[in-house]
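**Student:** My questions all concern the structure below.
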Amino acid sequence: MDTRQVVNSYYELANKGDWEAWTDLFAERQTMDEQLAGHVEGRETLRAMMKGFPAMYAAFTNTPRHIVIEGEQAAVVSHISAATHSGEPIEADVVNYFQVVDGRISYMSNHHDTVPFQPVLGTD
38 MDTRQVVNSY
48 YELANKGDWE
58 AWTDLFAERQ
68 TMDEQLAGHV
78 EGRETLRAMM
88 KGFPAMYAAF
98 TNTPRHIVIE
108 GEQAAVVSHI
118 SAATHSGEPI
128 EADVVNYFQV
138 VDGRISYMSN
148 HHDTVPFQPV
158 LGTD
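Right, here's the structure in full:
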């Protein structure tokens, strides 16, 4: 897959909740700097983390608004709409940065306000 196909698949699979296939988009030795989860190294570490994702959210969508791709790099401005299992809504604008090497995400970071995620983090 080229960078655009990988990025499109990232959002399609996330919005389907197919976290196994989503995790397969990442390189074995991927590195992620995730706004809420912190620094994550390795695809299998990420896969184990994502097993808990459905317990955090009753509903989750991440809709791309603007995608910029240049070679093996991409930046995506998107909007997350989610809900907790108790029905609390979460709305947040996000920017993701991707590096795609040999058809896999080798590095990714995301950036957003953490306040909208307080209901799932258990913070006030």
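In this text, residue positions in the sequence shown follow my numbering: the first is 38, and each later residue adds one. Ideal Cβ placement from N, Cα and C applies to all residues, glycine included.
(1) Could you check how far apart the C-beta atoms of I117 and A111 are, in whole angstroms? I think they sit under 8 Å.
(2) Starting from Q244, trace the beta strand (DSSP E) both ways and give me its first and last residue.
(3) Work out the CA separation of V113 and L83 for me, nearest whole Å.
(4) Considering only the beta carbon of each residue, do Q136 and S146 sit closer than 7 Å?
(5) Per DSSP, V114 is paired with what?
**Tutor:** A quick look at the data gives this:
(1) That belief does not hold up - the Cβ atoms of I117 and A111 are roughly 18 Å apart, past 8 Å.
(2) Residue numbering for the chain in the displayed model covers 38 to 161; residue 244 lies beyond these limits and cannot be assessed.
(3) Between L83 and V113, the C-alpha separation is close to 20 Å.
(4) Going by beta carbons, Q136 and S146 fall outside the 7 Å limit.
(5) Its beta-bridge partners are H103, V132.
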